[in-house]
Amino acid sequence: MKNSVYLKILFLVLSGILGILGGIEFVELRNYKETVVVSEDFTEMIMLSEYLPSLKGTWGDTPIYIYDSGVPGGSMLILGGTHPYEPITTVAAYVVMENIKVESGKVYVIPHANMSASTLGMLGNAYPKYFSVETPWGSQKYRIGDRGTNPLDQWPDPYTYIHYPSGQNLAYQDIRNLNRTFPGRANGTLTERISFAIMELIRNEDIDIFFDYHEASLMYPVVSTYVAHDDAMDIGMMAAMMLSATQFPMKIEASPKNLKGLTHREVGDFSDALALLMETPEPFIDRVAGRMTEELMVDGIDEFVQTAAEKGLVYCDYDIKEGFTDPLGNVIIGAPLDYRVGRHLSGTLEAVNWMNMFFPEKALVVSFPGYAEVMENGTGYYLHDPSKADPSRVFKN
488 MKNSVYLKIL FLVLSGILGI LGGIEFVELR NYKETVVVSE DFTEMIMLSE
538 YLPSLKGTWG DTPIYIYDSG VPGGSMLILG GTHPYEPITT VAAYVVMENI
588 KVESGKVYVI PHANMSASTL GMLGNAYPKY FSVETPWGSQ KYRIGDRGTN
638 PLDQWPDPYT YIHYPSGQNL AYQDIRNLNR TFPGRANGTL TERISFAIME
688 LIRNEDIDIF FDYHEASLMY PVVSTYVAHD DAMDIGMMAA MMLSATQFPM
738 KIEASPKNLK GLTHREVGDF SDALALLMET PEPFIDRVAG RMTEELMVDG
788 IDEFVQTAAE KGLVYCDYDI KEGFTDPLGN VIIGAPLDYR VGRHLSGTLE
838 AVNWMNMFFP EKALVVSFPG YAEVMENGTG YYLHDPSKAD PSRVFKN
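488 is the number of the first residue of the sequence shown in this note's numbering; add one for each residue after it.
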């Protein structure tokens, strides 16, 4: 009997120790801050709560970085980190923020659209907490988050999620999915309020073109793709054709009218912005992928995804043996970080170029590194050393 009591106490103590050790890991990720050095064209940083005060003091509040040329022109909003388990979207946003030059018009960048979701890894998937990008001055560490808002900030999930305002029934967990809660509502859940605040930004600042950066499983048909609202289809089609001919393979899909809550549908329906979403290939989130490692996130090389590719089960080019050659002559092995970052950058620049041609009254003149530059020099080349930068241009996210 005594031995039984001692065993129970021992197991209780061991469980407590394991809980504390696990808790330390969660707290570390929850509070880790990424560093970004904004370009000289940076104007100001404001918080999303300026568009919905109820977000202030919550993990839904997130920084908005503004680059205003002071010259009349178009306006653009870029979202990274809508799904933080697709963290290359945030890295791509950082490359824009650190290198952008704005000659006319105004640019807004939100690198962590769902800040809460970036503070928790995907539960049960054995994800690493971070990955690093090598630079000429060292390495930069970034968080690998979850798909949905952290349950610490929004809980419990309902049995059925009823989308507002359509009334459409969606999967229960999508109530914490930022890309299922647009256009949001001011008195809704935290995720709905984030969506509403972003919509308020778009409407109040008269955003002309909107980009939502994403990554996708290679076995998902909408990968290496623009998804465009009806109003942005001409821009998206021309951009996709030009990119496919000159830089990398790019498809285009029409935003579905009957699936609600998606940024590319609701932003286009509830504002005047031209709405586009981009998906790059991310083997890390493929269900058939092997070990979840930092190397897989950075290199995009996985033998199980390769097997799927050999059996014709993926929807984009993928080869970890011989690679495939892009129109610029680069041989792409797997789906490396530089390839994915570069796709987002050139995908943005090309769409803006076509907006300027179709809508000269909305002309936005911006420049930052594109696919060719990133493939030649690496992503890290365009991330600046915060220790040598003007402190007024260094921010933590």
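Every residue gets a Cβ at the ideal spot worked out from N, C-alpha and C, and that includes glycine.
Where residue i sits in the DSSP three-state scheme
i      : result
Ala796 : helix
Glu766 : strand
Gln660 : helix
Phe685 : The residue asked about is misnamed: residue 685 is Ile in this sequence, not Phe. Helix at Ile685.
Ala613 : coil
Asp699 : strand
Val582 : helix
Arg630 : strand
Pro623 : coil
Leu494 : helix
Lys588 : strand
Thr636 : coil
Phe882 : strand
Tyr868 : helix
Separation of residue j from residue i, as counted between CA atoms
i      : j      : result
Thr549 : Tyr700 : 16 Å
Gly829 : Leu499 : 50 Å
Ser491 : Ile507 : 24 Å
Tyr617 : Val792 : 22 Å
Ile575 : Gly567 : 8 Å
Gly755 : Lys495 : 59 Å
Phe811 : Ser603 : 37 Å
Asn664 : Pro571 : 11 Å
Glu702 : Met686 : 22 Å
Glu585 : Glu679 : 30 Å
Asp633 : Leu610 : 8 Å
Lys683 : Met737 : The amino acid occupying residue 683 in the given sequence is Phe; Lys does not appear at that position. Going from the Cα of Phe683 to the Cα of Met737 covers about 30 Å.
Asn745 : Asp718 : 16 Å
Ala600 : Thr733 : 31 Å
Asp804 : Leu539 : 42 Å
Pro768 : His871 : 26 Å
Glu590 : Val852 : 5 Å
Tyr519 : Val801 : 35 Å
Asp786 : Ile807 : 10 Å
Ile649 : Ile631 : 29 Å
Leu516 : Pro615 : 10 Å
Val668 : Arg880 : Strictly speaking, residue 668 in this sequence is Thr, with Val absent from that position. Distance between the alpha carbons of Thr668 and Arg880: 33 Å.
Ser626 : Gln655 : 45 Å
Thr780 : Ala613 : 9 Å
Buried versus exposed, by CB contacts within 10 Å (16 or more), residue i
i      : result
Trp642 : exposed
Ile551 : buried
Thr647 : exposed
Ser758 : buried
Asn884 : buried
Gly821 : buried
Thr606 : buried
Asn666 : buried
Gly799 : exposed
Lys875 : exposed
Ala727 : buried
Ile504 : exposed
Trp624 : exposed
Integer Cβ distance of residue i from residue j, believed to fall under 8 Å
i      : j      : result
Gly867 : Thr522 : Not confirmed; about 13 Å, so no contact.
Met729 : Ile739 : Not quite, the Cβ-Cβ distance comes to about 11 Å (not below 8 Å), so this is no contact.
Ile587 : Tyr554 : 6 Å
Val578 : Val620 : 7 Å
Leu824 : Tyr858 : At roughly 13 Å, the Cβ-Cβ gap does not stay under 8 Å, so Leu824 and Tyr858 are not in contact.
Ile681 : Gly544 : Wrong, their Cβ atoms sit about 14 Å apart, outside the cutoff.
Neighbourhood of residue i by C-beta distance below 6 Å, restricted to the same chain and skipping five residues each side
i      : result
Tyr826 : Ile819
Ile694 : Ser562, Leu564 and Ala760
Tyr651 : Arg672
Phe855 : Val583, Asn586 and Ile587
Val710 : Ala703, Glu766, Pro768, Tyr802 and Cys803
Own chain residues within Cβ distance below 7 Å of residue i, not counting five before or after
i      : result
Asn817 : Met862
Asp721 : Phe845
Leu783 : Pro770, Phe771, Ala776 and Asp789
Near the ligand FAD: residue i beta-carbon under 7 Å from a heavy atom
i      : result
Thr622 : With respect to the ligand FAD, the structure shown offers nothing to examine, as it has no ligands at all.
Within-8 Å CB hit, residue i to chain D
i      : result
Glu753 : Any reference to chain D falls outside this structure, which holds one protein chain only.
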